[in-house]
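**Student:** Residue numbers (the working numbering): 8 to 937. Just passing along the structure, written as structure tokens.
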């Protein structure tokens with residue numbers, strides 16, 4: 008035990024992990040912070056899981072959640088150990104923790120596999136909602152069925168009542184009340200027993216419970232005297248028990264037939280027999296005849312009662328069949344029964360088709376015609392493509408079963424398996440036909456999927472085969488067989504050794520043994536074609552088992568890699584040629600490994616930095632950059648985190664310490680798992696270009712300063728222009744007020760012209776100043792929510808919207824990189840135009856946006872006066888108007904501002920319109936990543 012603990016905790020022979028980072032504080036801190044944050048995140052996730060498990064007592068798969076929690080905690084612990092081993096090299100402890108984590112991870116993965124099919128069987132909220140709607144529909148249909156049963160029962164010539172398992176009456180029809188002399192309410196519960204004559208009551212009780220105990224139909228003759236005992240009626244009562252799923256009787260359906268008349272006759276016969284015994288012989292024949300008639304009447308009425316029960320049960324079965332469409336027709340094909348399943352699957356209600364249409368309404372005429380031709384050949388008589396197609400065999404006493412296509416009310420189709428039989432009356436004559444259809448859409452789709460899968464496997468580019476446990480081919484697709492030089496049929500039963508190079512047989516036997524353990528193995532080997540030639544192949548062996556998990560062979564997936572192997576050989580031969588080209592290249596070529604250590608530089612790269620090739624090999628990339636470049640986010644170590652090449656400018660240091668500006672184009676190389684193996688960079692010396700750019704930057708700064716001075720001048724000029732305009736306006740208004748009674752109408756008109764002109768001049772100056780500031784006073788682009796911009800513009804226009812009662816709709820707007828204040832101005836101008844140039848009492852404006860390739864396309868649509876197509880470009884020019892100021896107010900600068908805002912954002916703006924039919928303004932804003 009001491010030895011084990013000593014091995015686990017002994018740190019004398021190892022160095023701390025921090026030495027691997029050369030104890031660089033930035034790198035060590037990076038790993039400490041990242042591992043600590045990961046560990047904290049791992050430890051916090053199980054807390055959420057444990058809380059979730061404790062709150063959900065009915066949570067399925069609880070064990071897998073506990074496994075997830077243990078797995079995440081163990082992962083967090085491994086990251087804690089990564090921090091600990093920076094200073095304490097307890098690598099044995101760290102390894103043991105990782106082994107524990109691996110065991111928990113593997114166990115969790117295997118435990119998760121059998122739970123996936125169970126999780127997939129759980130019903131989704133959509134499925135539960137669908138089931139609820141189906142149940143609601145069935146409830147409605149059952150209520151309708153009960154209403155029909157109620158009508159049928161009330162119209163019955165015999166008395167009918169329903170009772171539960173203990174004999175309590177639940178329902179009686181009107182005929183029962185007439186026969187028994189009791190009211191409906193009086194008969195409910197045990198009340199119907201009170202109406203039975205006292206002399207018959209105990210006998211009826213005994214017979215009822217005896218039949219219930221033996222689960223036999225109840226039959227008895229007894230008397231009803233009613234509650235008021237004023238009328239005594241003889242009845243013949245029958246009851247049939249309805250057995251539930253548990254095998255016990257749950258209710259009874261019973262009928263009573265009024266046999267008072269027969270009983271009275273019998274009583275009269277008894278009295279006549281007592282008083283006329285001497286005339287018995289003479290009257291015997293007549294009595295027997297009369298008695299025979301009575302027996303026939305009784306038998307007839309019993310038959311009616313049983314027929315009614317059977318009809319009720321048959322109708323119940325037909326109307327409630329959920330999986331089969333049941334349609335019965337008259338002999339001429341007119342539909343007379345259309346069950347609920349048919350209504351649900353075909354979309355027609357019973358009222359729409361019963362007695363109005365034949366089966367032609369739900370069948371394809373082309374399909375009927377083809378079937379008519381087949382039947383004509385089979386029967387040797389001409390069969391017209393009409394109703395006879397469906398019943399030709401049924402008329403001959405043979406049930407006809409075929410696949411048909413049913414056409415729904417909405418025109419859609421689905422396949423059914425239809426069985427048609429003839430219905431006969433008591434005389435054996437056909438009085439109709441019955442068709443029972445089963446929806447076979449799922450079966451047809453499964454057959455199609457299987458055919459498609461078989462065709463796909465046969466036509467797959469990759470070779471696929473199946474071998475038994477003895478190594479003989481069971482089947483092979485075309486690609487596999489043709490690669491080996493055979494046809495698929497030739498390979499069945501062939502041993503696999505015949506298709507493998509003799510030198511690679513031992514290797515494949517080892518791979519086969521490994522597959523038996525791991526379940527799957529990949530290997531490259533040489534194959535032998537039928538003609539004896541060799542080829543290279545990459546094969547994957549996958550273990551196969553039957554439904555009980557017993558090994559019964561394996562699958563072999565093969566890919567011909569002969570071209571790749573030949574290419575690799577050609578690449579090796581050409582490597583020397585390309586190396587010479589690289590060495591002679593004028594541009595620098597620099598290759599680093601995954602740790603940013605230099606593995607190769609050409610002569611031009613070494614000469615650019617003043618080193619020799621040997622001096623640069625093995626040195627990290629940081630050694631050739633200055634301190635600011637090392638800490639900047641442009642450091643090329645990010646290449647290892649990118650899956651694509653990059654191009655960037657990097658400042659390098661020469662051996663003498665001089666700065667060299669370079670343009671580096673990187674191209675990373677990854678293995679099959681996506682890990683970077685190396686990175687090759689093409690380096691251009693752009694020091695001269697950078698010096699020119701600095702000069703250009705200085706010129707840009709001078710131009711910016713000049714624009715600021717020009718803007719200040721425009722502001723001062725506009726301010727100075729507005730001062731005299733305000734003076735003119737003020738003094739003109741003062742003149743009008745002071746001399747109001749001394750001036751005529753013409754003078755007042757001239758004064759109004761002066762005030763109006765000055766006001767318009769002031770508005771024109773303000774608009775012109777705002778137009779000039781669009782490019783200079785704009786804010787930096789940042790993510791701007793267009794929904795908020797539209798909302799703000801509508802808020803700014805709320806007075807105009809309220810006055811005109813405008814209706815404005817807006818679809819969902821995106822977030823773009825833009826100046827949000829200018830977006831508000833853009834939407835405000837376009838919406839204001841739609842309100843202003845309205846040709847209806849209430850303006851209607853619709854705002855929408857849709858994403859296109861590389862840009863967002865916005866549209867503002869109105870129902871205004873419209874614009875003639877020849878003026879579509881003119882309206883975006885400053886001060887250009889299509890209407891006079893007396894018709895529509897404004898300065899003619901609003902759309903020019905819109906165009907300048909859109910162009911500042913790198914987009915386009917245009918209008919599509921016809922005069923008198925409204926206008927749609929479109930503009931685009933490029934999609935720029937923030």
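Where a beta carbon is used, it is the ideal one built from N, C-alpha and C, also for glycine.
1) Quick check on the burial criterion: 16 or more other C-beta atoms within 10 angstroms. Buried or exposed for residue 552?
2) Helix, strand or coil for residue 99, going by three-state DSSP, please let me know.
3) Taking Cβ to Cβ, would you say residue 829 is nearer than 9 Å to residue 800?
4) What three-state label does DSSP hand residue 444 in the structure shown?
5) Would residue 628 be called buried (16 or more neighbouring beta carbons within 10 Å of its own) or exposed?
6) Does the Cβ of residue 605 have 16 or more other Cβ atoms within 10 Å, making it buried, or fewer, making it exposed?
7) Would residue 351 pass as a contact of residue 144 if the rule is Cβ separation under 9 Å?
8) What's the gap between the Cα of residue 54 and the Cα of residue 114?
9) Evaluate contact between the stretch 446-458 and the stretch 384-397, counting only Cβ atoms and requiring at least three cross-stretch pairs below 8 Å.
10) Name the two residues that bound the continuous alpha helix (DSSP H) containing residue 229.
11) State buried or exposed for residue 703, treating a residue as buried only when at least 16 other CB atoms are found within 10 Å of its CB.
12) By DSSP's criteria, residue 928 is part of a beta bridge. Which residues make up the other side?
13) Does DSSP classify residue 789 as helix, strand or coil?
14) Suppose contacts are defined by Cβ-Cβ distances below 9 Å. Is residue 348 in contact with residue 365 by that definition?
15) Measuring CB to CB, does residue 227 end up less than 9 Å from residue 244?
16) Looking only at C-alpha atoms, which of 901, 840, 848 sits nearest to residue 811?
17) Note the first and the last residue of the continuous alpha helix (DSSP H) segment covering residue 430.
18) CA-CA distance, residue 256 and residue 138?
19) Is the stretch 401-419 in contact with the stretch 367-381, if contact means three or more CB pairs nearer than 8 Å?
20) Going by DSSP, which residues form a beta bridge with residue 736?
21) Which whole runs of the alpha helix (DSSP H) in the stretch 163-194 are 4 residues long or more, in chain order?
22) Any idea if residue 232 is buried or exposed, counting beta-carbon neighbours within 10 angstroms, 16 or more meaning buried?
23) So, with DSSP's three-state summary, where would you put residue 82?
24) In three-state terms, what does DSSP make of residue 933?
25) Locate the beta strand (DSSP E) running through residue 687, then write down its first and last residues.
26) What residue range is occupied by the uninterrupted beta strand (DSSP E) comprising residue 474?
27) Taking DSSP as the reference, what is the three-state secondary structure of residue 345?
28) Quick check on DSSP: helix, strand or coil for residue 140?
29) Which residue wins for smallest C-alpha separation from residue 151, given the options 346, 622, 177, 404?
30) What residue does the beta strand (DSSP E) around residue 675 start on, and which one ends it?
31) Under a Cβ-count criterion, where at least 16 other Cβ atoms within 10 Å of its own Cβ denotes burial, should residue 648 be classed as buried or exposed?
32) Identify whether residue 307 lies in helix, strand or coil by the three-state DSSP scheme.
33) Are residue 171 and residue 197 close, meaning C-beta to C-beta below 9 Å?
34) Kindly indicate the opening and closing residues of the alpha helix (DSSP H) around residue 394.
35) Residue 942 by DSSP, collapsed to three states: which one?
36) Where do the ends of the beta strand (DSSP E) carrying residue 563 lie?
**Tutor:** A quick look at the data gives this:
1) Here residue 552 is exposed. Its C-beta has fewer than 16 other C-beta atoms within 10 Å.
2) In the displayed model, residue 99 falls within a helix according to three-state DSSP.
3) Contact flag unset, no.
4) Assigned with DSSP and collapsed to three states, residue 444 falls in strand.
5) Counting Cβ neighbours within 10 Å, residue 628 comes out buried, since at least 16 surround it.
6) With 16 or more Cβ atoms within 10 Å of its Cβ, residue 605 is classed as buried.
7) Contact: yes.
8) For residue 54 and residue 114, the distance between alpha carbons rounds to 21 Å.
9) These segments do not touch.
10) Unbroken run through residue 229 is the beta strand (DSSP E), 225-231; no alpha helix (DSSP H).
11) Of the residues assessed, residue 703 falls on the exposed side of the cut-off, its CB having fewer than 16 other CB atoms within 10 angstroms.
12) In the DSSP assignment, residue 928 is bridged to 867, 918.
13) Note: residue 789 maps to strand in three-state DSSP.
14) No, these two residues do not count as a Cβ contact at 9 Å.
15) Yes, Cβ-Cβ distance for residue 227 and residue 244 is below 9 Å.
16) Nearest option by C-alpha distance: 848.
17) Per DSSP, residue 430 belongs to no alpha helix (DSSP H); it is in the beta strand (DSSP E), 420-431.
18) For residue 256 and residue 138, the gap between their C-alpha atoms comes out near 30 Å.
19) For the pair of segments examined, the stretch 401-419 was found to touch the stretch 367-381: the number of CB pairs separated by less than 8 Å reaches three.
20) As far as DSSP is concerned, residue 736 takes part in no beta bridge.
21) Taken in chain order, the complete alpha helix (DSSP H) segments of 4 or more residues contained in the stretch 163-194 are 181-187, 191-194.
22) Buried.
23) In the structure shown, residue 82 sits in a helix (DSSP, three-state: H, G or I).
24) Judged by DSSP in its simplified three-state form, residue 933 adopts strand.
25) Taken as a continuous stretch (DSSP letters only), the beta strand (DSSP E) holding residue 687 covers 683-692.
26) Per DSSP, residue 474 belongs to the beta strand (DSSP E) from 470-474.
27) Under the three-state reduction of DSSP, residue 345 is assigned to strand.
28) Of the three classes helix, strand and coil, the one that applies to residue 140 here is helix, per DSSP.
29) Restricting attention to 346, 622, 177, 404, the CA atom closest to the CA of residue 151 is found in 346.
30) Residues 666-677.
31) Low per-residue confidence applies at residue 648: pLDDT is 48, beneath 50, and the placement is therefore not dependable enough to give any value.
32) The answer is helix: DSSP assigns residue 307 an H, G or I state.
33) At the C-beta level, residue 171 and residue 197 stay beyond 9 Å of one another.
34) For residue 394, there is no enclosing alpha helix (DSSP H), since its DSSP letter is neither H nor E.
35) Nothing about residue 942 can be reported from this structure: the residues present for the chain run from 8 to 937 only.
36) Looking at the DSSP string, the run of the beta strand (DSSP E) that includes residue 563 is 558-567.
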